[in-house]
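Below is one structure, written out as structure tokens, with a few remarks after it.
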Amino acid sequence: MIPFLDLRLAYRELGDAIDAATQRVLRSGWFILGPETERFEAEFANFCEARFAIGVGNGLDALVLSLRALGIGPGDEVITSGHTFVATWIAIEQVGATVVPVEPTLDGYGIDTDLVAAKITGRTRAILPVHLYGTPIDLNRLLAIGEQYGLPVIEDAAQAHGARLDGKRIGGGATMACWSFYPSKNLGAMGDGGAVTTNNEELAERVRLLRNYGAQMKYDSVPHGVNSRLDPLQAAILSVKLEHLDEWNDRRRAIAAIYDRELYGTELGLPATPDRTEPVWHLYVVTTSKRDALRNVLSQAGIETGLHYPLAPHDQKRFAHLRDAYGGLPRSRTLADTVLSLPIGPHLPEEDAYRVAETVKTALRGI
Ligand SMILES: *Cc1c(COP(=O)(O)O)cnc(C)c1O
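Take the sequence shown: its letters are residues 540 to 906, numbered as in my numbering.
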């Protein structure tokens with residue numbers, strides 16, 4: 540049996556350090572925000588080469604609070620990817636703004652930057668790209684468009700902890716970057732968690748307010764404040780794991796390199812690594828029209844795979860009201876029908892990656 544991802548193995552590797560960190564918090568009697576959260580925020584900002592990091596409750600809230608900090612709400616439009624985890628769209632909807640989706644590129648998974656400018660209207664208030672599967676999109680191009688039209692660029696970086704573009708970490712290059720520490724992410728908590736990074740002091744301060752009831756002085760709250768705080772227990776665990784993130788991302792790279800090499804020349808569409816990017820392989824996603832059959836054979840061979848994601852956001856019930864308006868988004872739909880995520884993670888033995896690749900190759904000959 541090769542699991543898609545076994546989250547127990549992180550604790551097996553770092554158990555002693557995680558035990559010490561959690562004990563420290565439990566004994567401290569300080570369970571909301573405070574020094575442990577602040578310490579992790581400083582470490583994470585530093586890691587992301589950004590000036591500020593603000594810990595929040597989860598990745599969705601990181602996106603929502605960033606949009607709110609920018610004053611985006613009803614009547615506004617936000618341009619984002621047609622192919623993403625649905626939380627990106629939900630965040631835009633949650634602040635009352637309208638999702639304006641852009642198709643992914645034909646040969647990749649990220650937003651097609653050539654199509655962005657045509658979507659800009661008088662109501663557009665932000666561009667929200669996603670570094671999907673851990674591969675940075677062409678941020679420079681989007682920043683240039685943003686500059687030309689006076690639009691902020693908010694990065695959904697929930698799958699890209701540690702990734703680099705032009706040698707610089709994702710996290711400090713745009714207006715704001717939004718992070719999730721959901722357990723399966725490259726930097727995962729043991730529970731929920733999230734963060735916003737930015738170089739803009741005013742925006743950092745606004746997110747810091749909004750995550751804590753919008754209360755500058757206790758009991759005098761500003762509009763839209765919520766309770767969405769990264770707790771010190773998760774922050775302490777994240778501090779331990781952050782020290783290992785680069786090494787764990789290297790292990791993911793080694794797995795991706797095995798798949799790249801072993802699956803080259805097959806009929807599968809393999810993930811591209813764009814120039815000037817250093818992906819962190821949150822997921823290793825191939826495409827094939829025989830997706831379901833291949834997935835079945837792998838499953839029978841004891842190899843677990845994933846689908847990220849089997850339904851485009853505009854085909855999900857929640858966004859049914861937008862389906863027609865978006866003209867079908869054929870590329871996003873095709874990806875939903877053809878993507879297959881192979882097992883990958885910092886604890887997947889390399890032998891297992893070879894076995895996955897061999898099984899895939901044998902399966903493709905028979906289906
Ligand atoms: C995980 C994820 C989110 C949401 O994160 P949560 O912590 O689950 O709220 C948002 N966007 C993308 C691309 C994600 O992968």
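For every residue, glycine included, the Cβ atom is placed at its ideal position computed from N, Cα and C. As the structure is a computational prediction, the values presented were derived from the model and not from experiment.
Short note on Asp789: C-beta not closer than 6 Å to any heavy atom of ligand 1. In the DSSP assignment, Trp718 falls within the unbroken beta strand (DSSP E) covering Met715 to Ser719. Remark: C-beta atoms of Thr623 and Val669 approach each other more closely than 7 Å. Between Leu809 and the set Asp545, Tyr648, Ser620 and Asn725, the nearest pair of CA atoms involves Tyr648. When DSSP states are grouped into helix, strand and coil, Gly614 belongs to the coil group. For the pair Leu671 and Ala630, the CB atoms are not nearer than the 7 Å cut-off.
For Tyr721, the Cβ falls inside the 6 Å cut-off from some heavy atom of ligand 1.
Nearest to Pro885 by C-alpha distance, out of Arg872, Leu879, Trp820 and Leu874, is Trp820. Close CB contacts of Val617 within its chain, under the 6 Å cut and outside five residues either way in sequence, are with Ile631, Ala636, Ala665 and Leu667 (chain order). For Asp891, the enclosing alpha helix (DSSP H) covers residues Glu889 to Gly905. In terms of Cα proximity to Met715, the closest of Leu781, Val899, Pro722 and Ala589 is Ala589. Per DSSP, the unbroken alpha helix (DSSP H) holding Phe586 starts and ends at Pro574 to Phe586.
Sorting Glu642, Asp646 and Leu749 by C-alpha distance to the C-alpha of Arg872 places Glu642 at the top.
Only residues of its own chain outside the window of five on either side were considered, and among them Ile571, Leu572, Thr576, Gly594, Val595, Gly596, Arg750 and Asn751 have a CB closer than 8 Å to the CB of Arg768, listed in chain order. Linking Glu843 to Met540 through their CA atoms gives a straight-line distance of about 8 Å. About 4 Å separates the beta carbons of Ala902 and Val836, which is inside the 8 Å limit, making them a contact pair. A direct Cα-to-Cα measurement between Ser828 and Tyr848 gives close to 15 Å.
DSSP places Tyr648 in the coil class of the three-state scheme, outside both helix and strand. Annotation: the continuous beta strand (DSSP E) that includes Ile666 extends over Thr663 to Leu667. Every alpha helix (DSSP H) of 4 residues or more that sits fully in the stretch 724-797 is shown, in chain order, as 740-749 and 771-781. Note on Glu694: 16 or more other CB atoms within 10 angstroms of its CB, so buried under the neighbour-count rule. Around the C-beta of Tyr798, 16 or more other C-beta atoms lie within 10 Å, and the residue is accordingly described as buried. Residue burial is scored here from C-beta neighbours: Asn788 has at least 16 other C-beta atoms within 10 angstroms and is therefore classed as buried. Ranked by Cα distance from Ala584, the options Ala657, Gly733, Thr660 and Ile557 are led by Gly733. Comparing C-alpha distances from Thr736 to each of Lys658, Leu690, Ala774 and Ala696 shows the shortest one belongs to Ala696.
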